[in-house]
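Numbering of the sequence shown is given in my numbering, commencing with residue 251 and proceeding in unit increments.
By construction, the Cβ of each residue, glycine as well, lies at the ideal position given by its N, Cα and C atoms.
Predicted model only: the values in this text are computed from it and were never measured.
Since the structure comes first, as structure tokens, the remarks are kept for the end.
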Amino acid sequence: MHIDYLFDTNVLIYLFNNRLAENLPSGRYGYSVITEIELLSFPALTSQETQIINRYLSGITLMDLTPAIKQKTIHLRRTYRIKLPDAIIVATAIETGAALLTNDTALHKVEDLICMALKIN
């Protein structure tokens, strides 16, 4: 399935906490399996928050790990020395041709990655 934008975990956290100061761009959205793990493994997450996250994620496309994403992740880790979860998310965006919605400025330096930061309150 083709997606236009891939969510980084930080943007979804801002969205769920009503901290985005601008609307999301229109298009088809996806998220990495890593983002799902990061969102749902927060220790203080309530059952209501878990339901909200699961409901939102069910409406967008889950991008699982593929052999191409694994190979790109290895390359990114070796080249940019970024953390493994970030490398998987970045590799997913690159391999799917999606723009990464992220406010992590370190990721904006990755070559071949289209990044878009969103204003927050």
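Simplified DSSP state of Ile310, which is helix, strand or coil: Here residue 310 refers to the residue found at position 60 of the sequence shown. The answer is coil: DSSP assigns Ile310 none of H, G, I, E or B.
Own chain residues within Cβ distance below 6 Å of Ile319, not counting five before or after: Translated into positions along the sequence shown, residue 319 becomes position 69. In the same chain as Ile319, and ignoring 5 residues on each side of it, the C-beta atoms closer than 6 Å to its own belong to Ala341, Thr342, Glu345, in chain order.
Residues near Ile332 in its chain [Cβ-Cβ closer than 8 Å; skip 5 each side]: If you number the sequence shown from 1, residue 332 lands on position 82. The answer, listed in chain order, is Leu326, Val340, Ala356, Leu357, Val360.
Minimum C-alpha distance to Ile284 - residue among Ala348, Asp336, Thr352: For this step, residue 284 is matched to residue 34 along the sequence shown. In this structure, Asp336 is the residue among Ala348, Asp336, Thr352 with its C-alpha nearest to the C-alpha of Ile284.
Of the residues Leu270, Gly347, Gly280, Ser276, the one placed nearest Leu307, counting alpha carbons only: Here the question's residue 307 lines up with position 57 in the sequence shown. In terms of CA proximity to Leu307, Gly280 leads the group Leu270, Gly347, Gly280, Ser276.
Buried versus exposed call for Asp258 [16 or more other C-beta atoms within 10 Å across all chains shown]: Stepping through the sequence shown from its first residue, residue 258 is reached at position 8. Looking at its Cβ environment, which holds 16 or more other Cβ atoms inside 10 Å, Asp258 is buried.
Own chain, CB closer than 7 Å to Thr300, minus 5 neighbours either side, in chain order: In the sequence shown, the residue the question calls residue 300 occupies position 50. Correct list, in chain order: Leu290.
Same chain, Cβ closer than 8 Å to Asn353, five either side skipped, listed in chain order: The sequence position of residue 353 within the sequence shown is 103, counting from 1. When the five nearest sequence neighbours on each side are left out, the beta carbons in the same chain lying within less than 8 Å of the beta carbon of Asn353 are those of Asp258, Asn260, Val261, Tyr264, Ala367, Leu368, Ile370, in order along the chain.
Cβ pair Ile287, Leu295 closer than 9 Å: Here the question's residue 287 lines up with position 37 in the sequence shown. Here the question's residue 295 lines up with position 45 in the sequence shown. No; because the gap between Cβ atoms is not below 9 Å, this pair is not in contact.
Between the CA atoms of Leu334 and Phe266 - distance to the nearest angstrom: Position 16 of the sequence shown, counted from the start, is the residue given in the question as residue 266. Position 84 of the sequence shown, counted from the start, is the residue given in the question as residue 334. Approximately 24 Å between the Cα atoms of the pair.
Local Cβ density within 10 Å of Ser297, reported as buried at 16 or more and exposed below that: Within the sequence shown, numbered from 1, the residue matching residue 297 stands at position 47. It is exposed - the Cβ of Ser297 has fewer than 16 other Cβ atoms within 10 Å.
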